[in-house]
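Here the structure is laid out as structure tokens; the discussion comes afterwards.
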DNA sequence: GGAAGTTACTTCAAGCCTAAAATAATGGCG
DNA sequence: CGCCATTATTTTAGGCTTGAAGTAACTTCC
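Right under this line is the structure:
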């Protein structure tokens, strides 16, 4: 096979959706695993609980469980369990909404807020470190392409 | 803020590692969830089991559990359970390696091979469909950048 | 006001996943 | 040969996740 044909084959290869998906999955998985391990070993914290706390931290007021489940893109039952464990740990407070007694709203306790601030700082540093091998141009390009990909997926479902 | 400064801020924003990671995670999660749901509803199959079968399908001969766990990037104990369930379903065969009695090697049964071929065809189509909104150039660029990202992560760990 | 439908959350069963401890077989090495 | 370290797998405890079924509170509409 000559150089031109090799290039053609490689180009087709790089554009192959299945290969793209495998690469996307592998990369995301690798990062997630690493962050998960570090959260566990440094703070005895899990990534799902950290993510939940992050939602509470950036919200100006308590959030209902349903809203939380939408923002985290997980099922309602899942959120129920995560909040249960965070409440057990004294990091989150659950209260019945006064205007709708079906609804439970949650917020960080002061201990939760303090721990989150510490963890968030470390977490940001870890993510920076993991992507340190990419320059700003690559990061920006990757970010843009991922947004396009996300849009493509949304439209296809 | 003038236009130049807005552009500067936006560029910094797009290059922010944390934002990049959140986007990567969200995209991968969305695709994974969709493929998972379709495998379940169309074939009563889970994504992890499908992935395991894919490894067996492309291997020329039976694979040891340890090798499988490396290729799938999951722990040994995880593979043990997945194989157990696939054996229960008659899709995979587990045998003690003749040259090393500690080692168990697995391969697809003929039923497993047949089911996998059917599923793989559908799966490929689904992935193509999900990424149909990206043209070849975008796909190739995304793939290349993901490879860079993966390398960056590997180097940072 | 009350039946019927909807909405918010919880519970349940099943499966995935990890880290760590336990088993079992191998491979040196004295 | 027999002890010891290593290697391959399994087991266990704990946590995450989903989809489906269940409970309770709210809303609509007559």
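Residue numbers (UniProt numbering), protein chains in the order written: chain A, 1 to 157; chain B, 1 to 157. For every residue, glycine included, the Cβ atom is placed at its ideal position computed from N, Cα and C. The structure presented is a predicted model; accordingly, all values stated were derived computationally and were not measured.
Residue range 76-88 is occupied by the alpha helix (DSSP H) that includes residue 85 of chain A.
About 7 Å separates the beta carbons of residue 66 of chain A and residue 76 of chain A, which is inside the 8 Å limit, making them a contact pair. DSSP, reduced to helix, strand and coil, places residue 32 of chain A within a helical segment of the structure shown. With 16 or more other Cβ atoms inside 10 Å of its own Cβ, residue 140 of chain A counts as buried. The continuous beta strand (DSSP E) containing residue 108 of chain B extends over residues 104-108.
Check the Cα spacing between residue 74 of chain A and each of A:92, A:56, A:52, A:62: the tightest is with A:52.
Secondary structure note for residue 93 of chain A: its beta strand (DSSP E) is the uninterrupted segment 92-96. Just measuring C-alpha positions, the residue of B:146, B:151, B:156 sitting nearest residue 25 of chain B is B:146. DSSP places residue 64 of chain B in the strand class (E or B) of the three-state scheme. Residues of chain B whose Cβ lies closer than 7 Å to the Cβ of residue 30 of chain A are, in chain order, 150, 153. Between the C-alpha atoms of residue 131 of chain B and residue 21 of chain A there is a straight-line separation of about 9 Å.
Setting aside the 5 residues that flank it on each side, residue 97 of chain A is surrounded in the same chain by 103, 105, each with a C-beta closer than 6 Å to its C-beta; the list follows chain order.
In the three-state DSSP reduction, residue 134 of chain B falls in the coil class, being neither helix nor strand. Judged by beta-carbon spacing, residue 39 of chain B lies within the 8 Å limit of residue 46 of chain B, meaning their Cβ atoms are closer than that value. Within 10 angstroms of the beta-carbon of residue 99 of chain A lie fewer than 16 other beta-carbons, which makes it exposed. Taking 8 Å as the cut-off, the beta carbon of residue 27 of chain B is found no closer than this to the beta carbon of residue 14 of chain A.
Looking from the CA of residue 30 of chain B, the closest CA among A:16, A:31, A:72 belongs to A:72.
When the five nearest sequence neighbours on each side are left out, the beta carbons in the same chain lying within less than 8 Å of the beta carbon of residue 113 of chain B are those of 57, in order along the chain.
In the structure shown, residue 157 of chain A falls within a coil segment according to DSSP collapsed to helix, strand and coil. Counting only residues of its own chain and dropping the five nearest sequence neighbours on each side, residue 94 of chain A has a CB closer than 8 Å to the CB of 83, 87, 104, 105, 106.
By the rule that beta-carbons nearer than 8 Å mark a contact, residue 124 of chain B touches chain A.
For residue 72 of chain B, no CB of chain A lies under 8 Å from its own CB, so it is not counted at the interface with that chain. Taken through DSSP and simplified to helix, strand or coil, residue 59 of chain B comes out as coil. With respect to the 8 Å criterion, residue 33 of chain B and residue 155 of chain A are not classified as neighbours on the basis of their beta carbons. Annotation: residue 157 of chain B to residue 148 of chain A spans about 29 Å, alpha carbon to alpha carbon. Within its own chain, the residues whose Cβ lies closer than 7 Å to the Cβ of residue 42 of chain A, once the five positions on either side in sequence are excluded, are 122, listed in chain order. Proximity of residue 138 of chain B to chain A, defined by a Cβ-Cβ separation below 8 Å, is satisfied. A direct Cα-Cα distance of roughly 18 Å separates residue 108 of chain B from residue 70 of chain B.
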